[in-house]
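Engineer: One structure, pasted below without further comment.
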Amino acid sequence: MSRASKKSSGFKCQVSDFPNQSEITRIVDSVIRGRRSVRGFLPTPVLRETIIEILDVAARAPSGTNTQPWKVTVVTGARKEALSRELIATDLDPARDAEHEQEYSYYPDKWVPPYLDRRRKVGYDLYGLLGIAKGDREGMQRQFARNYDFFGAPVGLFFTIDRIMGQGSWLDYGMFLQNVMLAARARGLDTCPQAAFTKYHRIVTRHLEIPEGEMLLCGMALGYEDPDQTENKLSTEREPASTFTRFLE
Ligand SMILES: Cc1cc2nc3c(=O)[nH]c(=O)nc-3n(C[C@H](O)[C@H](O)[C@H](O)COP(=O)(O)O)c2cc1C
2 MSRASKKSSG FKCQVSDFPN QSEITRIVDS VIRGRRSVRG FLPTPVLRET
52 IIEILDVAAR APSGTNTQPW KVTVVTGARK EALSRELIAT DLDPARDAEH
102 EQEYSYYPDK WVPPYLDRRR KVGYDLYGLL GIAKGDREGM QRQFARNYDF
152 FGAPVGLFFT IDRIMGQGSW LDYGMFLQNV MLAARARGLD TCPQAAFTKY
202 HRIVTRHLEI PEGEMLLCGM ALGYEDPDQT ENKLSTEREP ASTFTRFLE
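For the sequence shown, our numbering begins at 2 and goes up steadily by one.
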């Protein structure tokens, strides 16, 4: 496992280098709006140089006192397949599954509106598209297990953080993750961020030889969208800014 060491500067490219502000707005907004979680990928490989380019640009994310808390493991090929095999077998076997638990809680212990409603809606919409009926636990579980095959993507990214880092660094990390997804989109690639791996952090860290001092935050599928996959027809809603913003003058 090797990590790139060449330092990069962000000063070379300023927004002012571009002639047309409205064109920049249009392109940047369309990249942000065009990002979505893709759950069906083509097997087309992604060049290593492209992955490095994406991570280099993503690392321009801000972080408190420039601590840059991100650490990434990229997994492809036989290593990815071996990991997927063990994860799927564990997920589909209740006895093996019971031996694993989350290391951190991503979701609230108690779900309340409006989060509960939003969560339900995206679940029903996805399962509805796939023809999985409400209450079809087996169908839902089979679909969920596709996480562990990275939804067919040729590249799996795993994001870890030094355990000594504080909550603020998790905030920084989110900005880096969004940058990864946007930089991928800007290159015609798609992603699906995946917290599904965190339950099996012991399996992931063993396969990927992640040091004990690092915690697994999430995984991410990276690749080219398969436009024929029904899952990819899912479109998710957002509340408009006026519903979550206050102006005090
Ligand atoms: C940190 C994080 C973890 C996520 N984990 C999963 C996951 O394990 N599996 C999955 O299918 N989607 C996962 N998602 C995707 C969300 O369901 C998705 O972002 C949300 O429904 C909004 O849809 P969009 O990303 O297409 O805009 C995750 C998203 C984030 C930000």
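Quick reminder that beta carbons are idealized off the backbone N, C-alpha and C, glycines included. No experiment lies behind these values; they were computed from the predicted model shown.
From this set, I133, H208 and L178, which residue's C-alpha is nearest E232's C-alpha?
Structural biologist: On the sequence shown, position 231 is the one that residue 232 refers to. Cα-wise, what sits closest to E232 is I133.
Engineer: Excluding the five sequence neighbours on either side, which residues of its own chain have a C-beta within less than 7 Å of the C-beta of D92, listed in chain order?
Structural biologist: The sequence position of residue 92 within the sequence shown is 91, counting from 1. Correct list, in chain order: D98, A146 and Y149.
Engineer: Look at the Cβ atom of E215, then the Cβ atom of K72, and state whether they are nearer than 8 Å.
Structural biologist: For the purposes of this step, residue 215 is identified with residue 214 of the sequence shown, where counting begins at 1. For the purposes of this step, residue 72 is identified with residue 71 of the sequence shown, where counting begins at 1. Contact flag set, yes.
Engineer: Identify the residues that DSSP records as bridge partners of A222: which are they?
Structural biologist: Your numbering for residue 222 matches position 221 in the sequence shown. In the DSSP output, where bridge partners are listed per residue, A222 has G157 and C193.
Engineer: Scan the region 35–109 and note each continuous beta strand (DSSP E) run of 3 residues or more that stays entirely inside, going in chain order.
Structural biologist: You should have 72–76.
Engineer: Report the option in L117, R36 and E24 whose CA atom is closest to the CA atom of A184.
Structural biologist: On the sequence shown, residue 184 is found 183 positions in, with the first residue counted as 1. Checked all of L117, R36 and E24; the closest Cα to A184 is R36.
Engineer: Are at least three pairs of beta-carbons, each pair with one atom in the region 178–196 and one in the region 119–136, less than 8 Å apart?
Structural biologist: Taking 8 Å as the limit for Cβ pairs, the verdict is that the region 119–136 does not touch the region 178–196.
Engineer: For P241, does the count of other Cβ atoms within 10 angstroms reach 16, so buried, or fall short, so exposed?
Structural biologist: Residue numbering aside, residue 241 sits at position 240 when the sequence shown is read from its first letter. So P241 counts as exposed.
Engineer: When DSSP builds the beta bridges, which residues end up paired with I162?
Structural biologist: Here the question's residue 162 lines up with position 161 in the sequence shown. In DSSP, I162 forms a bridge with M216.
Engineer: Does the Cβ-Cβ distance between L209 and V76 come in under 8 Å?
Structural biologist: Position 208 of the sequence shown, counted from the start, is the residue given in the question as residue 209. Position 75 of the sequence shown, counted from the start, is the residue given in the question as residue 76. Against a cut-off of 8 Å, the Cβ pair of V76 and L209 comes out as a contact.
Engineer: Is it the case that the Cβ atoms of A62 and M176 are separated by a distance below 8 Å?
Structural biologist: In the sequence shown, residue 62 corresponds to position 61, counting from 1. In the sequence shown, residue 176 corresponds to position 175, counting from 1. Cβ atoms of A62 and M176: closer than 8 Å.
Engineer: May I have the straight-line CA-CA distance separating R207 from T246, to the nearest angstrom?
Structural biologist: To locate residue 207, count along the sequence shown from 1; it is residue 206. To locate residue 246, count along the sequence shown from 1; it is residue 245. Going from the Cα of R207 to the Cα of T246 covers about 44 Å.
Engineer: So, is S3 buried or exposed, given that buried needs 16 or more other C-beta atoms within 10 angstroms?
Structural biologist: By 1-based counting over the sequence shown, the position of residue 3 is 2. In this prediction, S3 has a pLDDT of 47, which is less than 50 and means its spatial position is unreliable; what the coordinates show is noted afterwards. Per the 10 Å Cβ criterion, exposed.
Engineer: I want to know whether the region 223–238 touches the region 191–208 - three or more CB-CB distances under 8 Å.
Structural biologist: In short, these stretches touch, since the Cβ pair count reaches three.
Engineer: With H, G and I counted as helix, E and B as strand and the rest as coil, what does DSSP make of D137?
Structural biologist: Looking up residue 137 in the sequence shown gives position 136. Coil at D137, not helix or strand.
Engineer: Does the distance from the CB of G157 to the CB of G220 come in under 8 Å?
Structural biologist: Locating residue 157 in the sequence shown gives position 156, counting from the first residue. Locating residue 220 in the sequence shown gives position 219, counting from the first residue. The answer is yes: Cβ separation under 8 Å.
Engineer: Could you tell me the distance, in whole angstroms, from the CA atom of E102 to the CA atom of T199?
Structural biologist: As a working mapping, residue 102 is identified with position 101 in the sequence shown. As a working mapping, residue 199 is identified with position 198 in the sequence shown. Near 8 Å, if we compare the C-alpha coordinates of T199 and E102.
Engineer: For ligand 1, is there a heavy atom less than 7 Å away from the beta-carbon of V123?
Structural biologist: As a first step, residue 123 is located in the sequence shown; it is residue number 122 there, counting from the start. Checking the Cβ of V123 against ligand 1 gives yes.
Engineer: Using alpha carbons as the reference points, say which of Y105, E250, T237 and L235 lies closest to A197.
Structural biologist: For the purposes of this step, residue 197 is taken as residue 196 along the sequence shown, with counting starting at 1. Residue Y105 is the option with its Cα nearest to A197.
Engineer: Could you give the distance in angstroms between the alpha-carbon of L249 and the alpha-carbon of D110?
Structural biologist: Working through the sequence shown from its first residue, we reach residue 249 at position 248. Working through the sequence shown from its first residue, we reach residue 110 at position 109. Going from the Cα of L249 to the Cα of D110 covers about 33 Å.
Engineer: Thinking just about the alpha-carbon of each residue, which of P44, E87 and I52 is nearest to the one in M182?
Structural biologist: Walking along the sequence shown from the start, residue 182 turns up at place 181. Ranking P44, E87 and I52 by Cα distance to M182 puts I52 first.
Engineer: Could you tell me if I28 is buried or exposed, where buried requires 16 or more neighbouring beta carbons within 10 angstroms of its beta carbon?
Structural biologist: Translated into positions along the sequence shown, residue 28 becomes position 27. Exposed is the call here.
Engineer: Return the CA-CA distance between T244 and T45, expressed in angstroms with no decimal places.
Structural biologist: Numbered from 1 along the sequence shown, position 243 holds the residue referred to as residue 244. Numbered from 1 along the sequence shown, position 44 holds the residue referred to as residue 45. If you take the alpha carbons of T244 and T45, they lie about 41 Å apart.
Engineer: By the DSSP assignment, the alpha helix (DSSP H) with N180 in it spans what residues?
Structural biologist: Here residue 180 refers to the residue found at position 179 of the sequence shown. N180 -> alpha helix (DSSP H) spans Q168 to R186.
Engineer: Can you list, in chain order, the residues of its chain with a C-beta nearer than 8 Å to that of A1? Leave out the 5 residues immediately preceding and following it.
Structural biologist: This structure leaves residue 1 out entirely; the chain is present only between 2 and 250.
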